[in-house]
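Reviewing the structure listed below.
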Amino acid sequence: AGVFRWNLGSGKGSSVLEVLRSFEKAVGKPIPYEITGRRAGDLPAFWADATSALADLSWSTTKIVDQMCEDHWRWQKNNPQGYTS
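As numbered in the numbering used here, residues 3 to 87 make up the sequence shown, in order.
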């Protein structure tokens with residue numbers, strides 16, 4: 003009652019490695035990682051469907067993953083203590 007939820011995304015999935023590569027570009031150096039087996043309960047693929055956000059809020063994403071990682075890294079560099087700084 004009075005509570006609404008929306009998925010916010012592009013409707014296009016990104017793999018973990020694609021996001022890792024985007025963060026590497028944003029940070030400007032390699033990020034160490036290890037490829038292991040799937041964990042119990044891991045889904046093979048999933049992504050947010052923002053259809054209801056567009057219909058209800060007139061909102062749709064305007065950025066690609068590379069831009070989102072750049073924005074996130076810029077914020078983190080400027081706020082190393084998070085929201086408390």
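Glycine is no exception: its CB is placed at the ideal position from the N, C-alpha and C atoms.
Return the Cβ separation of residue i and residue j in integer angstroms, given the expectation that the two are a contact with Cβ distance under 8 Å.
i, j, result
"Ser24", "Asp68", "5 Å"
"Ala8", "Leu59", "The amino acid occupying residue 8 in the given sequence is Trp; Ala does not appear at that position. Contact flag correct, Cβ pair sits at about 7 Å."
"Asp51", "Gly13", "6 Å"
Buried or exposed for residue i, please, with buried defined as at least 16 other CB atoms from any protein chain shown within 10 angstroms of its CB.
i, result
"Ala3", "exposed"
"Ala47", "exposed"
Are residue i and residue j touching if we call contact CB-CB under 8 Å?
i, j, result
"Thr63", "Gly11", "yes"
"Trp61", "Ala55", "yes"
"Trp75", "Ala28", "yes"
Please list, in chain order, all residues of the same chain as residue i whose beta carbon is under 7 Å from its beta carbon, the five residues on each side excluded.
i, result
"Tyr35", "Leu22"
"Pro32", "Glu26"
Residues in the same chain with beta-carbon distance under 8 Å from residue i, minus the five sequence neighbours each way, listed in chain order, please.
i, result
"Pro82", "none"
Establish whether the CB of residue i and some CB of chain D are separated by less than 8 Å.
i, result
"Leu22", "Note that chain D does not occur in the displayed structure, where there is just one protein chain."
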